[in-house]
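Asks: To start, I am sharing the structure in question, which I have written as C-alpha cells.
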Amino acid sequence: MNSYQNRETPQTEQKIVLTVANVVKYYESGGRKFEVLKKIHFSAVAGKMYAIMGPSGAGKSTFLNVIGGLDRFDSGSIRVFGQELFGLRPAVLAQYRNRHIGFVFQAHNLLAEFSAQENVAMPLRIRRRSRREALATARAILEEVGLGHRMEHRPSELSGGECQRVSVARALVTDPSLILADEPTGNLDQENSEHLMSLLLDLQRKRQKTVILVTHDASLAARADSIYQMVDGAFAGKELTE
Ligand SMILES: Nc1ncnc2c1ncn2[C@@H]1O[C@H](COP(=O)(O)OP(=O)(O)OP(=O)(O)O)[C@@H](O)[C@H]1O
Ligand SMILES: [Mg+2]
C-alpha cells in the first residue's frame, strides 16, 4: 500500500451506522399542527463523534429522540444498523433501544434510593441478567469512569459531575453502539464539563462508539469530528473539524 492509500480510510469504506433521509415530524398543540423536523438528512459512521448545535427550539432534542426510538416520526426513513425504524411497533422499538442505544440526558435521571452501582446495574437487571453479574459489570464500568470509590453512594451523596459520570456509565453498561447525549454538560461547571467530555471522547475512541452530542458549548462541539447546525427543524450545514 502506498502512502496515499495509507493516509485515511475513504468515507465509503467506513461503516455507516445511521442513515436519516427525508425525516418529517409534526407536533400538534392546541389543535394546530406544526412541522418540527423538516425533511432531515443525516448520516453517521462507526467510531465518530458528531456535535449538534443550534438555537433553543430548533428541534435538536426531538431529533435525538426519534433516532433513539423514544419518539415517532411522520414520514421519511431512519435506518440504524440496517433496521428501519419507520412504522415499528412500540415493543419492537423498545427492543431496538435496549439493544443499540445509550442515552445521556441533561438531568442525570438516576434513581434516588439506589446506589451508584445499583443505578448502573439497572439496565442489565432489566435485561434479566443475574444480580451478581449486573453488579460486577457495573463495578467495572464505574471504575473505568473514575468512580470506583463512589460505588456505594446514592445520587444525593454525589456531586453533579459525578452523577453525570454515573449516568454515562449507566448508558454504556449494555455496550450500545450508538450513544445519544442531549446537553449532558448543561448543568455542569467548566471543569466538570471538560471532564465529562474527555470521558465521552475517550470511550468513543477506545471502544469505537458513535456519539451524537447536542450541546450549546462551542468549545466542546469543536472536539467532535463534525459539527452540525440545526436551525428551524433542518440542518443548516456541516463543518468538519478534522
Ligand atoms: N411534546 C411536544 N408537543 C408539542 N411541541 C413540542 C413538544 N416537544 C417539543 N415541542 C416543540 O418543538 C420544538 C423543538 O423542540 P426541541 O425540544 O426539539 O428543541 P431543542 O432544539 O432541543 O431546544 P433546546 O436547545 O431548548 O433544548 C419547540 O418549538 C418545542 O416547543
Ligand atoms: Mg433540547
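The sequence shown: position 142 = 142 (the working numbering), numbered continuously.
Idealized CB from N, CA, C, for every residue including glycine.
The model shown is predicted, which means the values in this text are computed figures rather than measured ones.
With distance defined between alpha-carbon atoms, name the residue in L110, L172 and H149 nearest to T137.
Replies: When only C-alpha atoms are compared, the closest one is L172.
Asks: Excluding the 5 residues flanking G69 on each side, which residues of the same chain have their C-beta closer than 8 Å to its C-beta?
Replies: Correct list, in chain order: L85, L88, L93, A94, Y96, R97 and I101.
Asks: Ordered along the chain, which non-local residues of its own chain (more than five positions away) have a Cβ less than 7 Å from that of F103?
Replies: Correct list, in chain order: G68, A171 and L180.
Asks: For V36, verify whether its CB is less than 7 Å away from any heavy atom of ligand 1.
Replies: For ligand 1, at least one heavy atom lies less than 7 Å from the Cβ of V36.
Asks: Tell me the residue span of the beta strand (DSSP E) that contains K48.
Replies: Run containing K48: none; DSSP gives neither H nor E here.
Asks: Can you look up H41 in the DSSP assignment and give me helix, strand or coil?
Replies: In this structure, H41 counts as strand in the three-state DSSP scheme.
Asks: Are any of the Cβ atoms in chain D nearer than 8 Å to that of E118?
Replies: This model lacks chain D altogether; it includes just one protein chain.
Asks: State buried or exposed for G34, treating a residue as buried only when at least 16 other CB atoms are found within 10 Å of its CB.
Replies: Sequence check: residue 34 is Phe here, not Gly. Answer is exposed; the Cβ neighbour count stays below 16.
Asks: Any residue with its C-beta under 7 Å from a non-hydrogen atom of ligand 2 counts. Can you list them all in chain order?
Replies: Those residues are K60, S61, D182, E183 and V214, given in chain order.
Asks: Give the straight-line distance between the Cα atoms of E194 and L220, rounded to the nearest whole angstrom.
Replies: So the alpha carbons of these two residues sit roughly 8 Å apart.
Asks: For Q229, which three-state DSSP category applies?
Replies: Three-state result, Q229: strand.
Asks: By the three-class DSSP mapping on this structure, what secondary structure does K206 have?
Replies: Helix, per DSSP.
Asks: From which residue to which residue does the beta strand (DSSP E) around L188 run?
Replies: Looking at the DSSP string, L188 is not in any beta strand (DSSP E), and its letter there is neither H nor E.
Asks: Measuring only from the beta carbon, is S56 closer than 7 Å to any heavy atom that is part of ligand 1?
Replies: Yes, the Cβ of S56 comes within 7 Å of a heavy atom of ligand 1.
Asks: If distances are taken between C-alpha atoms only, which option among V66, P184, R139 and A58 comes closest to N109?
Replies: Of V66, P184, R139 and A58, the residue nearest in Cα terms is P184.
Asks: Count the other C-beta atoms from every protein chain shown that fall within 10 angstroms of the C-beta of I52, then say buried if there are 16 or more, exposed otherwise.
Replies: With 16 or more other Cβ atoms within 10 Å, it is buried.
Asks: With DSSP collapsed to three states, give me the class of F34.
Replies: If DSSP states are grouped into helix, strand and coil, F34 belongs with the strands.
Asks: Is the Cβ-Cβ distance between V24 and K39 less than 8 Å?
Replies: Cβ atoms of V24 and K39: closer than 8 Å.
Asks: Measure the C-alpha to C-alpha separation of F42 and A91 and round it to an integer number of angstroms.
Replies: Each residue's alpha carbon lies about 25 Å from the other.
Asks: Are there 16 or more other CB atoms within 10 angstroms of the CB of G59, so buried, or fewer, so exposed?
Replies: That one is buried.
Asks: Using 10 angstroms around the beta-carbon of G296, count the other beta-carbons present and answer buried if the total reaches 16, otherwise exposed.
Replies: An answer regarding residue 296 cannot be provided, because it is not within the stretch 1 to 242 covered by the chain.
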